[in-house]
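K.L.:
In the working numbering, the protein residues as written are 1196 to 1476.
(1) Could you work out which residue in 1237, 1421, 1335 is closest to residue 1443 when comparing CA atoms only?
(2) If you draw a straight line from the C-alpha of residue 1398 to the C-alpha of residue 1323, how long is it?
(3) Would you grab the beta carbon distance between residue 1419 and residue 1393 for me? Rounded to a whole angstrom, and I think it's under 8 Å.
(4) Quick one: is residue 1226 buried, meaning 16 or more other Cβ sit within 10 Å of its Cβ, or exposed?
(5) Ends of the beta strand (DSSP E) at residue 1212?
(6) What are the partner residues of residue 1299, as DSSP defines its beta bridges?
(7) Tell me where the alpha helix (DSSP H) around residue 1314 begins and ends.
(8) Starting from residue 1387, follow its DSSP beta bridges and name the residues at the other end.
(9) With the cut-off set at 7 Å, would you say residue 1253 and residue 1208 are in Cβ contact?
(10) Is the segment 1267–1283 touching the segment 1305–1320, taking contact as three or more C-beta pairs under 8 Å?
(11) Give every residue of the same chain whose Cβ lies closer than 8 Å to the Cβ of residue 1402, excluding the five residues on either side of it in the sequence, and list them in chain order.
(12) In chain order, which alpha helix (DSSP H) runs of at least 4 residues are fully inside the segment 1433–1462?
(13) Near residue 1380, what residues of its chain come up, given a Cβ to Cβ distance below 7 Å and the 5 sequence neighbours on each side ignored?
(14) Which whole-angstrom value describes the C-beta separation of residue 1285 and residue 1247, a residue pair presumed to lie in contact below a C-beta threshold of 8 Å?
(15) Assuming residue 1287 and residue 1223 form a contact by the criterion Cβ under 8 Å, report the distance between their Cβ atoms to the nearest whole angstrom.
(16) Give the range of the beta strand (DSSP E) segment to which residue 1398 is assigned.
(17) Among 1390, 1213, 1219, 1233, which residue has its Cα nearest to the Cα of residue 1437?
(18) Quick check: the Cα distance between residue 1230 and residue 1238, rounded to an integer number of angstroms?
(19) Looking only at its own chain, which residues have a Cβ that is under 8 Å from the Cβ of residue 1454, when we skip the five neighbours before and after it?
(20) Based on Cα-Cα distance, which residue from 1377, 1396, 1249 lies nearest to residue 1210?
(21) According to DSSP, is residue 1327 part of a helix, a strand, or is it coil?
(22) Which residues in the same chain as residue 1411 place their Cβ atom closer than 8 Å to its Cβ, once the five residues preceding and following it in sequence are excluded?
(23) Rank 1292, 1386, 1234, 1260 by C-alpha distance to the C-alpha of residue 1431 and give the top, closest one.
(24) Suppose you measure from the CA of residue 1266 to the CA of residue 1421; what does that come to, to the nearest Å?
(25) Which class does residue 1337 belong to by DSSP, given the choice of helix, strand or coil?
(26) To the nearest whole angstrom, what separates the beta carbons of residue 1233 and residue 1214, a pair I think is in contact under 8 Å?
(27) Suppose you measure from the CA of residue 1427 to the CA of residue 1260; what does that come to, to the nearest Å?
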């Protein structure tokens, strides 16, 4: 959902974190911190739903001010952490639908109307997410052996015959690299297929660049899986076979979880749609 436009001139704004049916424990909510610049977290009723919100100053959270702050990496990280704390506080007693970071409204009435307008979708999502958590899995191509990597740096000989031999070796190396990449892609797909058998839904995100991952090999799969709490042992057992090495030697598998299912809480979903989907974003 896109947050409504807000006016920087307003005295204050309402920042919304998550929607739930069961209001969080008051003591836990009072102890939680949202944005450092805002007031205490509180619950706003919207029909049969509860919206966890925080009053924040427009001087810092108005459209222009917020855009400027979120362009600074350190402020972006602070806002993301504050948002996650608010979502966690909302999830104390049951499933939640996390809202996008920096979802802002002009006041309580505007926020409550926005929730009421999307209540059918929210009701469906809260049922879908009950007793389920998200697991994040990233698959990278395995790094080449040191001797293979060093071979690509061979200097071309100056003689005609030596030059042909060198070009032949380079051509062979490129074929090997294409073959290795194809094998890694196939193994990444096999990992995804195996994990989907133990999940009720899965989604793919755009693979991260090597600059973001800090690895020298490409990220082949950046996926999230929605897993029933009752089947968590089956999922983690399957996952452990891959993270420990297992049969797929052309890839390296990393995983984290369980998380609040951010990847499966979409306000723009069709409320009649089933839980299984694959979205690339």
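The beta carbon of each residue, even a glycine, is placed where N, CA and C say it ideally should be.
P.N.:
A quick look at the data gives this:
(1) Out of 1237, 1421, 1335, 1335 has the C-alpha closest to the C-alpha of residue 1443.
(2) Near 15 Å, if we compare the C-alpha coordinates of residue 1323 and residue 1398.
(3) With a Cβ gap of about 14 Å, residue 1419 and residue 1393 do not count as contacting.
(4) So residue 1226 ends up on the exposed side.
(5) Element bounds for residue 1212: 1207–1215.
(6) 1210, per the DSSP bridge assignment.
(7) That run of the alpha helix (DSSP H) goes 1314–1324.
(8) Paired residue(s): none; residue 1387 is not in a bridge.
(9) Contact check for residue 1253 against residue 1208 passes: the beta carbons are separated by less than 7 Å.
(10) They do not touch, by the three-pair rule.
(11) Cβ neighbours of residue 1402 beyond the five flanking positions: 1413, 1414, 1415, 1416, 1417.
(12) The qualifying runs do not exist here; there are none.
(13) If we look at residue 1380 and ignore the five residues flanking it on each side, its Cβ neighbours are 1415.
(14) Taking 8 Å as the upper bound for CB-CB distance, residue 1285 and residue 1247 are in contact here, some 4 Å apart.
(15) Contact between residue 1287 and residue 1223 holds: CB atoms are separated by about 5 Å, below the 8 Å threshold.
(16) 1396–1399 is the span of the beta strand (DSSP E), which, as asked, contains residue 1398.
(17) Of the candidates 1390, 1213, 1219, 1233, the one whose C-alpha sits nearest the C-alpha of residue 1437 is 1390.
(18) Those two C-alpha atoms are separated by around 15 Å.
(19) So the qualifying residues of the chain are 1328, 1329, 1330, 1331.
(20) Distances from the CA of residue 1210 to each of 1377, 1396, 1249 were compared; the closest alpha carbon is that of 1249.
(21) Annotated three-state conformation of residue 1327 is strand, per DSSP.
(22) So the list reads 1338, 1405, once near-sequence residues are dropped.
(23) In terms of CA proximity to residue 1431, 1386 leads the group 1292, 1386, 1234, 1260.
(24) Rounded to whole angstroms, residue 1266 to residue 1421 spans 31 Å at the Cα level.
(25) The answer is coil: DSSP assigns residue 1337 none of H, G, I, E or B.
(26) Incorrect: roughly 18 Å between the Cβ atoms, too far for contact.
(27) Taking the straight line from one Cα to the other gives about 43 Å.
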